Amino acid sequence: MALPGGPAQPGSTRSDAAGPDAGEVDVAHPSIARIRDSWLGGTHHDDADRGFADQIVVCAPHLPYLVRAQNAFVRRLVRYLTDRGVRQFLDLGSGVPDINAAHRVAHEVDPEAKIVYVDLDPTIAQDSADLLAGTGNAAFVRADVRRPDEVLGAPEVTDLIDFGEPVAVLMIEFLLHLQDSENPAGLVAAYMDAVPSGSYLGISHFSQDDQLHEGLTLFSRMFGAPPAVKLRDPGELVRFFDGVEIVEPGIVPVPLWHPEPGDEQVRNPELVRVHAGLGRKV
Ligand SMILES: C[S@@+](CC[C@H](N)C(=O)[O-])C[C@H]1O[C@@H](n2cnc3c(N)ncnc32)[C@H](O)[C@@H]1O
């Protein structure tokens, strides 16, 4: 699978990573997670990431806005979950755990909340080690999310997460890296099978959008890889929530998911091409 921004890009040092222990960090190559960090005003990106970000914005000028709206959703999502007593988070395809990262939001409520981030990108591993240094109850695992047994069996996961207690499984803009032929719904189910009743599944996903597709395709081509992202409309996301109950307000554009008074104002929130939903395992 070619991963735009992921760790498996042909022709780059990052992309040569065949598994958690493979590959060298090559900071000359940008990653989509670090580009997102630049749009969010984070600190873990460099000139190469900013340069690629500028080129993508030519195709999709609204992409930084979508990323910010999605990131604000993550903050509301984690607060919603902590308000309901959830104290364990497994963030899959985590990217740079900085602005509104689950541990930052959850630890505002309870420093004892446990958070494990999982990503395959070696640069993200380095960024995470930096960002999580000195932070208790938060860990990073460099692993392939497509291998749930390895992720769930990783010592960082088993040391921190108690699978007898509810866990919030988060997939924030991760599933677009999986084509339908890779059975993403089966992968989601594998993670949800491992967590008990009262656990949650949070998903956010870019929807069909010509400009977005152009921007992300351009990013893929920068690596010489074929376009590999899969944009999905909200109707296509429903199957990922098989076996869990989708909580109100359902799968909606991110600005409409439990909006708060201080949110960035959106003139037509229903038109925002990134959707999200939260499901509860009963
Ligand atoms: C679009 S970014 C989203 C990052 C983050 N969730 C956020 O909301 O900003 C997708 C992330 O998924 C990671 N990723 C892609 N495929 C992966 C895989 N098979 N296993 C682990 N991480 C993967 C990429 O490295 C990247 O950091």
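Mapping the sequence shown onto UniProt numbering, position 59 (from 1) lands on 59, and the numbers just tick up by one.
C-beta: ideal position from N, C-alpha, C; glycine also.
Since this is a predicted model, take the numbers as computed values, not measurements.
Worksheet item: Cα separation between Leu66 and Asp242?
Response: 26 angstroms
Fill in: Residue from Leu90, Trp39, Ala60, Gly51 with nearest C-alpha to Gln70
Trp39
Item to complete: Taking 8 angstroms as the threshold, find out whether the segment 111 to 120 comes into contact with the segment 199 to 216 through three or more Cβ pairs.
Response: Not touching, per the Cβ criterion.
Worksheet item: Looking at the C-beta of Asp83, does it have a partner C-beta in chain C at a distance below 8 angstroms?
Response: In the structure shown, chain C does not exist; there is a single protein chain.
Practice prompt. Please report the Cβ distance between Met192 and Gly93, rounded to the nearest whole angstrom; I am assuming they are in contact, meaning their Cβ atoms lie under 8 angstroms.
Written response: Not really, about 16 angstroms apart at Cβ, beyond 8 angstroms.
Worksheet item: Rounded to a whole number of angstroms, what is the C-alpha to C-alpha distance between Ile35 and Arg50?
Response: 6 angstroms
Worksheet item: Mind checking whether Val254 and Gly279 have CB atoms under 8 angstroms apart?
Response: no
Item to complete: Could you check the C-alpha separation between Pro155 and Ala143 for me, to the nearest Å?
Response: 12 angstroms
Worksheet item: Is the beta carbon of Ala106 less than 8 angstroms from the beta carbon of Val151?
Response: no
Worksheet item: Would you report the Cα separation of Ala129 and Pro97, rounded to the nearest angstrom?
Response: Their backbone Cα atoms lie some 10 angstroms apart in a straight line.
Worksheet item: Are the beta-carbon atoms of residue 291 and Pro196 separated by less than 8 angstroms?
Response: Limits of the chain in this structure are 1 at one end and 282 at the other, which puts residue 291 out of reach.
Discussion item. Tell me the residue span of the beta strand (DSSP E) that contains Ala138.
Written reply: 138 to 142
Worksheet item: Which residues mark the beginning and the end of the alpha helix (DSSP H) in which His205 is found?
Response: Run containing His205: none in the alpha helix (DSSP H); it sits in the beta strand (DSSP E), 200 to 206.
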